[in-house]
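Novice: My structure is below; once you've seen it, I'll send some questions.
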């Protein structure tokens, strides 16, 4: 051991003069590389233990009949009961076959898709409007930028419960505004007031209890909570667009509307894509906002809720893992599609 | 010549009408613009104000029809009830412990890693970078089952370490990512002069670069704290059967009355406000740092 360590400093004098400076530098570089690895190692270790290993484990378990509290779950006909003492074994693709033939899971998949597409689309449009407004010069600009941080800062659980209270069918403020206040307010508008007032519902709506209103309600709450994030990402993109190109095109007689479609939007595309990626991935694994309001109600059951409930209430580790892997694959597919789009942009 | 003379007056007439239309449409535009500004302000702030109002309304006001907007009197009963509730106080304490520990650990290990990523060359750097980046987009649900199994196997079910441990999945990669960008942007001379003066690279790191990175540490610390404080899925699942380690989010989610149709909204809103006000205050105080960190973590991601 010691023999191996000694030669390096000893050999220094024998090296040609021209290379002298490189010897300490390369040993310094080596020490630096060692230090780099020392600094990176704890984080890599943590990531490996809390994320990589569990992910591999999820894939492995998805091919087994593992239970959570008992060693395995055996299906007996329809519902299947936990049977203590049975052997955990590999069941091939049985979990996947079950899920893909299971009405609840298929419903959960389509609910998730519906939720993701609607909420991301609405958030993008609203976020764009908010970002464009904040990006223009006016007095209350700072105030508005501060205000939109509030929904972002509020915990999702709190926002869900808060909106559930506001959407209450008897004394909720949303119903009061829709049925009582807004029609009165709109009535004051000259010319079109009467027609506008007719748009509002005559009776209060049971947003939370009526199945057909549950998904739109969940989307509305999510839109409120996440539009600020979208707006901030788009705002960051808007702020790097140079202002003088607008002056030039204004001189050329382009309208604001033309400027938006022909200049702002193309230049905002990279930022828009990144924002879309983030929000789509986030929406696709939605759990909190829906679970707090509707639990595992079928109209709003998402894939994440299905997986969590299968684990906690169903005790089925294997099946949960299969559902998790399917969610992961969907998200991986989305990432692939989006990165393709980004690459197409760059090409 | 003739054509020029003929087009000129027509052009001025056209520009005059367009100017008249211009002022009209500009006024309409201004009105619409400010209406939109006011609408966005109300839309974003009103729900939070509504929660604050509900927290100090007498219970009769909360369930009043037609909806009563301002409290008939200030009622402290719901806030008192929540603050005397042992389960809620324990949840509050758990949330503080879990969030702070998570943030401190993520900052310590994350800043080490970020320093190496931002300022050093080493083999395997690119793959580490991609690993960390992919972790920031990782869906927590994909590992819920296997994490649960690990937690049960290590006897950490219903304990605080289980949450700190699992919260690393989302705080650590984010911290590394944002801080690495921070370190990369620093001028190299400072560190080099320290190295020339004979300090070790590690001393150069914590004596010179770390203090300079303080704004970045504050930003990532805040964002990490908010993420940990607001986390729901892991806390709900991994502290499912006991209140001993449950954090505030599942506590608020499960706060309920005798039936689904009899929610104690006053108490729920009081608890919500207690949990949210410190967060909103932090965000408003540090808004510039947070705006910078949010877009750095996302746009560059």
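Protein chains in written order, with our numbering: chain A, 25 to 371; chain B, 140 to 440. Don't be surprised by glycine CBs; every beta carbon is placed ideally from N, CA and C.
1. By DSSP, does residue 376 of chain B sit in helix, in strand, or in coil?
2. Between which two residues does the alpha helix (DSSP H) carrying residue 336 of chain B extend?
3. Hey, how far is the Cα of residue 102 of chain A from the Cα of residue 267 of chain B?
4. Mind listing the chain B neighbours of residue 11 of chain A? Cutoff is C-beta to C-beta under 8 angstroms, in chain order.
5. May I have a chain-ordered list of the beta strand (DSSP E) segments no shorter than 3 residues that lie completely inside the stretch 301–376 of chain B?
6. Please specify which runs of the beta strand (DSSP E), each continuous and at least 3 residues long, are wholly inside the stretch 190–254 of chain A, giving them in chain order.
7. Using a Cβ-Cβ cut-off of 6 angstroms (strictly less than) and excluding sequence neighbours within five positions of residue 132 of chain A, which residues of its own chain qualify?
8. Give a yes or no on whether the C-beta atoms belonging to residue 362 of chain B and residue 432 of chain B are separated by under 9 angstroms.
9. Can you give me, in chain order, the residues of the stretch 344–368 of chain A that have a beta carbon less than 8 angstroms from any beta carbon in chain B?
10. Do residue 334 of chain B and residue 340 of chain B have their CB atoms nearer than 9 angstroms?
11. Compare the C-beta of residue 290 of chain A with all C-beta atoms of chain B and state if any pair is closer than 9 angstroms.
12. Buried or exposed, going by whether 16 or more other CB atoms sit within 10 Å of the CB of residue 195 of chain B?
13. Which residues of chain B have a Cβ atom closer than 9 angstroms to the Cβ of residue 61 of chain A, listed in chain order?
14. List the endpoints of the continuous alpha helix (DSSP H) containing residue 338 of chain A.
15. I need the straight-line Cα distance from residue 212 of chain B to residue 359 of chain A, nearest angstrom please.
16. With 7 angstroms as the C-beta to C-beta threshold (strictly closer), list the residues of the stretch 267–283 of chain A near chain B in chain order.
17. If we count the other Cβ atoms within 10 Å of its Cβ and call it buried at 16 or more, is residue 100 of chain A buried or exposed?
18. What is the residue span of the alpha helix (DSSP H) that residue 376 of chain A lies within?
19. Quick one: what's got a C-beta closer than 6 angstroms to residue 218 of chain A's C-beta in the same chain, skipping five residues either side?
20. Residue 81 of chain A touches chain B at which residues, Cβ-Cβ below 9 angstroms?
21. Could you check how far apart the C-beta atoms of residue 365 of chain B and residue 309 of chain A are, in whole angstroms? I think they sit under 8 angstroms.
22. What residues in its chain sit with their C-beta under 7 angstroms from that of residue 369 of chain B, if we drop five residues either side in the sequence?
23. To which residues of the same chain is residue 249 of chain A closer than 8 angstroms at the C-beta, ignoring the five residues directly before and after it?
24. Going along the chain, which residues of its own chain have a beta-carbon closer than 8 angstroms to the beta-carbon of residue 46 of chain A, five neighbours each way excluded?
25. Compare the C-beta of residue 251 of chain B against all C-beta atoms of chain A and say whether one is closer than 9 angstroms.
26. Just how far apart, CA to CA, sit residue 69 of chain A and residue 383 of chain B?
27. Between the Cα of residue 87 of chain A and the Cα atoms of A:112, A:265 and A:259, which residue gives the shortest distance?
28. How many angstroms separate the CA atom of residue 424 of chain B from the CA atom of residue 166 of chain A?
29. Roughly how many angstroms lie between the CA atoms of residue 253 of chain A and residue 336 of chain B, to the nearest whole one?
Specialist: Let me lay it out:
1. helix
2. That residue, residue 336 of chain B, is in no alpha helix (DSSP H); it is neither H nor E in DSSP.
3. Note that residue 102 of chain A scores 40 on pLDDT, short of 50, meaning its location in the model is unreliable and no value can be drawn from it.
4. With chain A covering 25 to 371 only, the question about residue 11 of chain A has no answer from this structure.
5. none
6. none
7. 325, 326, 327 and 330
8. yes
9. 344, 345, 348, 349, 351, 352, 355 and 359
10. yes
11. no
12. buried
13. 255, 261, 262 and 263
14. Premise fails: residue 338 of chain A is in no alpha helix (DSSP H) and is neither H nor E.
15. 53 angstroms
16. none
17. Confidence at residue 100 of chain A is low in this model, with a pLDDT of 49, below 50, so the placement of that residue is unreliable and no value is reported for it.
18. Absent from the model: residue 376 of chain A. The displayed extent of chain A is 25 to 371, so no value can be given.
19. none
20. 282, 284, 285, 286, 288 and 289
21. Residue 365 of chain B to residue 309 of chain A, Cβ: 19 angstroms. No contact.
22. 388
23. 175, 176, 178, 180, 183 and 313
24. Note that residue 46 of chain A scores a pLDDT of 44, beneath 50, so its modelled location is shaky; the value from the coordinates is reported in the next line. Result list for residue 46 of chain A: empty, nothing under 8 angstroms.
25. yes
26. 29 angstroms
27. A:112
28. 13 angstroms
29. 45 angstroms
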